[in-house]
Amino acid sequence: MNLGTDIFLLIFIAPFLLLALAGYWKLFEKAGEKGWKALVPFYSSYIMLKICHRPGWWLIWLFLPLANWIVSFGILVDFIKCYGKFSIWDRAAAVLLPFVYLPKWGFEAKTAYLGPSASPAFRVQYHQSIKPNSAIQWGQALFFAVFTAVFIRALLFEDFTIPTPSMERTLLVGDNIFVSKLNYGARIPMTPFSFPFTSHTLPNTNFRSYWDGWELPYFRLPGFSSVKRGDVIVFNYPADTIDNRPVDKRENYIKRCQGIPGDTLSVVNAQVYVNSKAATNPPGEQMEYKYQLKDSLNESIHDELKITLYPEHQYPAMTAASAAIMKRYSAVKDFAPDIAPKGVSEDVFPRSSTTILDPNLDIRVPDYHWNADNFGPIIIPKKGWTVKLDSMTFPLYERAIEVYEHNKLEVKGTEIFINGKKANAYTFKMNYYWVLGDNRHDSEDSRYWGFVPEDHISGKALFIYMSWDSDAPLFKKIRWDRFLRGIN
Numbered sequence: 269m270n271l272g273t274d275i276f277l278l279i280f281i282a283p284f285l286l287l288a289l290a291g292y293w294k295l296f297e298k299a300g301e302k303g304w305k306a307l308v309p310f311y312s313s314y315i316m317l318k319i320c321h322r323p324g325w326w327l328i329w330l331f332l333p334l335a336n337w338i339v340s341f342g343i344l345v346d347f348i349k350c351y352g353k354f355s356i357w358d359r360a361a362a363v364l365l366p367f368v369y370l371p372k373w374g375f376e377a378k379t380a381y382l383g384p385s386a387s388p389a390f391r392v393q394y395h396q397s398i399k400p401n402s403a404i405q406w407g408q409a410l411f412f413a414v415f416t417a418v419f420i421r422a423l424l425f426e427d428f429t430i431p432t433p434s435m436e437r438t439l440l441v442g443d444n445i446f447v448s449k450l451n452y453g454a455r456i457p458m459t460p461f462s463f464p465f466t467s468h469t470l471p472n473t474n475f476r477s478y479w480d481g482w483e484l485p486y487f488r489l490p491g492f493s494s495v496k497r498g499d500v501i502v503f504n505y506p507a508d509t510i511d512n513r514p515v516d517k518r519e520n521y522i523k524r525c526q527g528i529p530g531d532t533l534s535v536v537n538a539q540v541y542v543n544s545k546a547a548t549n550p551p552g553e554q555m556e557y558k559y560q561l562k563d564s565l566n567e568s569i570h571d572e573l574k575i576t577l578y579p580e581h582q583y584p585a586m587t588a589a590s591a592a593i594m595k596r597y598s599a600v601k602d603f604a605p606d607i608a609p610k611g612v613s614e615d616v617f618p619r620s621s622t623t624i625l626d627p628n629l630d631i632r633v634p635d636y637h638w639n640a641d642n643f644g645p646i647i648i649p650k651k652g653w654t655v656k657l658d659s660m661t662f663p664l665y666e667r668a669i670e671v672y673e674h675n676k677l678e679v680k681g682t683e684i685f686i687n688g689k690k691a692n693a694y695t696f697k698m699n700y701y702w703v704l705g706d707n708r709h710d711s712e713d714s715r716y717w718g719f720v721p722e723d724h725i726s727g728k729a730l731f732i733y734m735s736w737d738s739d740a741p742l743f744k745k746i747r748w749d750r751f752l753r754g755i756n
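So in my numbering, the last one in the sequence shown is 756, and the numbering has no gaps at all.
1. Using C-beta distances below 6 Å, list every residue in its chain close to Asp-630, excluding the 5 sequence neighbours before and after it, in chain order.
2. Tell me whether the beta-carbon of Gly-352 lies closer than 8 Å to the beta-carbon of Leu-382.
3. Among residues of its own chain, excluding the 5 on either side of Tyr-369, which ones have a beta-carbon nearer than 7 Å to its beta-carbon?
4. Taking the alpha helix (DSSP H) that Tyr-578 belongs to, which residues open and close that run?
5. What residue from Ala-729, Lys-697, Glu-712 and Thr-661 has the CA that sits closest to Pro-721's CA?
6. Compute the beta-carbon to beta-carbon distance between His-637 and Ser-659, rounded to the nearest angstrom, for a pair I have assumed lies under 8 Å.
7. Tyr-486 to Lys-651, Cα distance in whole Å?
8. Determine whether the beta carbon atoms of Ser-448 and Gly-727 lie at a separation below 8 Å.
9. Would you identify the three-state DSSP class for Leu-625, choosing helix, strand or coil?
10. On a Cα-Cα basis, can you pick out the residue from Lys-574, Pro-663 and Asn-537 that is closest to Asp-606?
11. Under three-state DSSP, which class holds Ser-397?
12. Give the straight-line distance between the Cα atoms of Ser-467 and Arg-513, rounded to the nearest whole angstrom.
13. Is Asp-443 near Ser-735, with beta carbons less than 8 Å apart?
14. Quick check: what's the CA-CA separation for Ile-686 versus Tyr-672?
15. Short of 6 Å in beta carbon distance, which residues of its chain neighbour Gly-532, apart from the five on each side in sequence? Order them along the chain.
16. Between the Cα of Leu-344 and the Cα atoms of Leu-489, Ala-288, Arg-455 and Asp-511, which residue gives the shortest distance?
17. Compare the C-alpha of Trp-482 against each of Tyr-314, Val-655, His-321 and Pro-460 and name the closest.
18. Within its chain, find whatever has a CB closer than 6 Å to the CB of Leu-625; leave out the 5 residues flanking it on each side and keep chain order.
19. Quick one: what's got a C-beta closer than 6 Å to Leu-439's C-beta in the same chain, skipping five residues either side?
20. Smallest Cα separation from His-581: which of His-674, Asn-675, Arg-708 and Pro-609?
21. Closest to Ser-598 by CA distance: which of Thr-587, Pro-609, Tyr-559 and Val-616 is it?
22. Under a three-way DSSP split, which group does Gln-369 fall into?
23. So Leu-533 is in the alpha helix (DSSP H); what residue range does that whole segment cover?
24. Could you check what DSSP says for Val-500 in three-state terms: helix, strand or coil?
25. In the stretch 320–359, which residue ranges form an unbroken alpha helix (DSSP H) of at least 4 residues, counting only runs that do not cross its ends?
26. Excluding the 5 residues flanking Ser-313 on each side, which residues of the same chain have their C-beta closer than 8 Å to its C-beta?
27. Count the other CB atoms within 10 Å of the CB of Thr-576; is the residue buried (16 or more) or exposed (fewer)?
28. Drop a sphere of 10 angstroms on the beta-carbon of Trp-325, count the other beta-carbons inside from all chains shown, and report buried for 16 or more, exposed for fewer.
29. Rounded to a whole number of angstroms, what is the C-alpha to C-alpha distance between Leu-561 and Arg-596?
30. Hey, could you find the ends of the beta strand (DSSP E) Tyr-521 is sitting in?
31. Are the stretch 737–744 and the stretch 544–551 touching by the rule of at least three beta carbon pairs closer than 8 Å?
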């Protein structure tokens, strides 16, 4: 876990945040509101809407992914107009340098609250030189809101909604998290021509949201650290082969990094080992357990122990803490984790490409006798590391050599050719990582598709800013206990 870097990042950001909050505090007071209201998330946005005489229901937009970025900056632009800040430069200053200009305007005597930003008459009264044009004003506000949101999402932070239970119970379906681009350094967009706030297709369509006629090479700005074991990271799905999408337009996945470049990793009876040492298990890690019941257990017990029941699975998933309590019940017998035995083969990595499935070739995938609970050992490639290529190693590193590092790979008989030259070894150009889901029996991760190249990594998951339970009753859909929770 890279706790030191996270603390350093927090210390680095904290002064800027405090300056911006101080500015909001003073500007609230100038509008007749209590300054402390500026410190309360979401409620402060409601007060800003009130100051601007905008409908309070607009606050709903802040709970919607993607829309919340644009609306939040739109509210800010509307807010500063109440203090006579109408020019393009004022708006640029507010959205790009709030920690400088908000406290400046808040503490200086000449900046006063003039009234609702929606009042053109008020604007003309105090600024005779300004000829209001609502269309232009709204266009400028929208431009700066979109520009700022795109800038922040690309280089600083991005929001991400958890779509699957693969990280339970660390992360739940419906958790909305902030992903930091600063920790590892922001990856410069590889496809610069694309619609803002879209992934690979336009919403509710099958049309591409980008133009891949011009792609930039992989480049990452300096960051505070490299990826560490235990980090929860967001990355582009390496095995995404749909329409040959560019790297930064592939599906987003979130998993926990368990192995870094140069590590030798194995899984023995569901326990991860790195360089022959047992890895620290995530605090929210889930496993499936099998047991028999002498009598039926009440559903409330499952809820109390946070036991996840998947209809498609034979056994329930639970954390180690819940399992320890569960097996003490007198109604439970033969309680044990559902672990695939060592030596029993399952359809796990390396899943063969068509190159080595050809029956006419002499190099084929050997049976490693691996499964999801007993896997490896496998060496994770490191930049500059040279691997000897033979029938045992070639299937493990074939995709990295050919697809991720863009080499022409051919197999002729028992011989391997890289870019037309016979090769019995290969030196890697990039670093790679090994990732696993915390919900080990309900996660498609490196055990099934292999390594994550460094150019696929988007950022580090930092904290949950909101959580929405779509299966809960209407007034219980927001999981308030997960609000602003850090990700371990």
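Ideal Cβ positions, reconstructed from N, Cα and C, are used throughout, including at glycine. None of the values given here were measured: they were computed from a predicted structure.
So, to answer that:
1. What you label residue 630 is simply residue 362 of the sequence shown in a count that begins at 1. At Asp-630, the pLDDT of 49 sits below 50, so the modelled position is not reliable and the matter cannot be decided from this model.
2. For this step, residue 352 is matched to residue 84 along the sequence shown. For this step, residue 382 is matched to residue 114 along the sequence shown. Cβ atoms of Gly-352 and Leu-382: closer than 8 Å.
3. What you label residue 369 is simply residue 101 of the sequence shown in a count that begins at 1. If you ignore the 5 residues before and after Tyr-369, its C-beta comes within less than 7 Å of the C-beta of Ala-361 and Ala-362, all in its own chain and listed in chain order.
4. As a first step, residue 578 must be located in the sequence shown, where it is residue number 310. Run containing Tyr-578: none; DSSP gives neither H nor E here.
5. As a first step, residue 721 must be located in the sequence shown, where it is residue number 453. With distances taken between CA atoms, Pro-721 lies nearest to Lys-697 out of Ala-729, Lys-697, Glu-712 and Thr-661.
6. Reading the sequence shown from its first residue, position 369 is the one you call residue 637. Reading the sequence shown from its first residue, position 391 is the one you call residue 659. Actually they do not touch by this definition, with Cβ atoms about 15 Å apart.
7. Residue numbering aside, residue 486 sits at position 218 when the sequence shown is read from its first letter. Residue numbering aside, residue 651 sits at position 383 when the sequence shown is read from its first letter. Answer to the nearest angstrom: the Cα atoms are 15 Å apart.
8. Numbered from its first residue, the sequence shown carries residue 448 at position 180. Numbered from its first residue, the sequence shown carries residue 727 at position 459. Yes, these two residues count as a Cβ contact at 8 Å.
9. Within the sequence shown, residue 625 is the residue found at index 357, counting from 1. Because Leu-625 carries a pLDDT of 40, less than 50, the predicted location of this residue cannot be relied on, and the following value inherits that uncertainty. Leu-625 falls in the helix class under three-state DSSP.
10. Locating residue 606 in the sequence shown gives position 338, where the first residue counts as 1. Residue Asn-537 is the option with its Cα nearest to Asp-606.
11. Numbered from its first residue, the sequence shown carries residue 397 at position 129. With a pLDDT of only 45 at Ser-397, under 50, the local geometry of the prediction cannot be trusted, and the value read off the model is given with reservation. The answer is coil: DSSP assigns Ser-397 none of H, G, I, E or B.
12. Residue mapping note: residue 467 aligns to position 199 of the sequence shown, counting from 1. Residue mapping note: residue 513 aligns to position 245 of the sequence shown, counting from 1. Straight through space, the alpha carbons of Arg-513 and Ser-467 are spaced by roughly 11 Å.
13. Sequence index remark: in the sequence shown, residue 443 carries index 175 (1-based). Sequence index remark: in the sequence shown, residue 735 carries index 467 (1-based). If you check the CB distance, Asp-443 and Ser-735 come in under 8 Å.
14. For the purposes of this step, residue 686 is taken as the residue at position 418 of the sequence shown. For the purposes of this step, residue 672 is taken as the residue at position 404 of the sequence shown. Taking the straight line from one Cα to the other gives about 14 Å.
15. The sequence position of residue 532 within the sequence shown is 264, counting from 1. Per the sequence presented here, residue 532 reads as Thr, with Gly not at that position. Cβ-Cβ distances below 6 Å link Thr-532 to Asn-543, Pro-645 and Ile-647 in the same chain, with the five nearest sequence neighbours on each side left out; the list follows chain order.
16. By one-based count along the sequence shown, residue 344 stands at place 76. Comparing Cα-Cα distances from Leu-344 to each of Leu-489, Ala-288, Arg-455 and Asp-511, the minimum goes to Ala-288.
17. Within the sequence shown, the letter at position 214 stands for residue 482. When only C-alpha atoms are compared, the closest one is Pro-460.
18. Looking up residue 625 in the sequence shown gives position 357. Because Leu-625 sits at a pLDDT of 40, beneath the cut-off of 50, its placement in the model cannot be relied upon, and the point is left open.
19. In the sequence shown, the residue the question calls residue 439 occupies position 171. Cβ neighbours of Leu-439 beyond the five flanking positions: Ile-430.
20. As a working mapping, residue 581 is identified with position 313 in the sequence shown. Residue Arg-708 is the option with its Cα nearest to His-581.
21. On the sequence shown, residue 598 is found 330 positions in, with the first residue counted as 1. Among Thr-587, Pro-609, Tyr-559 and Val-616, the Cα nearest to that of Ser-598 is on Tyr-559.
22. Looking up residue 369 in the sequence shown gives position 101. According to the sequence as given, residue 369 is Tyr; it is not Gln. If DSSP states are grouped into helix, strand and coil, Tyr-369 belongs with the helices.
23. Your numbering for residue 533 matches position 265 in the sequence shown. Where Leu-533 is concerned, there is no enclosing alpha helix (DSSP H), although the beta strand (DSSP E) it sits in stretches over 532–536.
24. For the purposes of this step, residue 500 is taken as the residue at position 232 of the sequence shown. Here Val-500 carries a strand assignment [DSSP, helix/strand/coil].
25. With a minimum length of 4 residues, the continuous alpha helix (DSSP H) runs that stay inside the stretch 320–359 are 335–349.
26. Position 45 of the sequence shown, counting from 1, holds the residue named residue 313. Counting only residues of its own chain and dropping the five nearest sequence neighbours on each side, Ser-313 has a CB closer than 8 Å to the CB of Leu-327, Leu-330, Ser-340 and Ile-343.
27. Along the sequence shown, one-based indexing puts residue 576 at 308. By the neighbour-count rule (16 or more Cβ atoms within 10 Å), Thr-576 is buried.
28. Here residue 325 is taken as the residue at index 57 of the sequence shown, counted from 1. Taking all protein chains in view, the Cβ of Trp-325 is surrounded by fewer than 16 other Cβ atoms within 10 Å, so the residue is classified as exposed.
29. The residue you call residue 561 lines up with position 293 of the sequence shown. The residue you call residue 596 lines up with position 328 of the sequence shown. C-alpha separation (whole angstroms): 12 Å.
30. Reading the sequence shown from its first residue, position 253 is the one you call residue 521. Membership of Tyr-521 in the beta strand (DSSP E) is indicated by the continuous run 520–527.
31. The way I'd put it, the stretch 737–744 doesn't touch the stretch 544–551; fewer than three beta-carbon pairs between them come closer than 8 Å.
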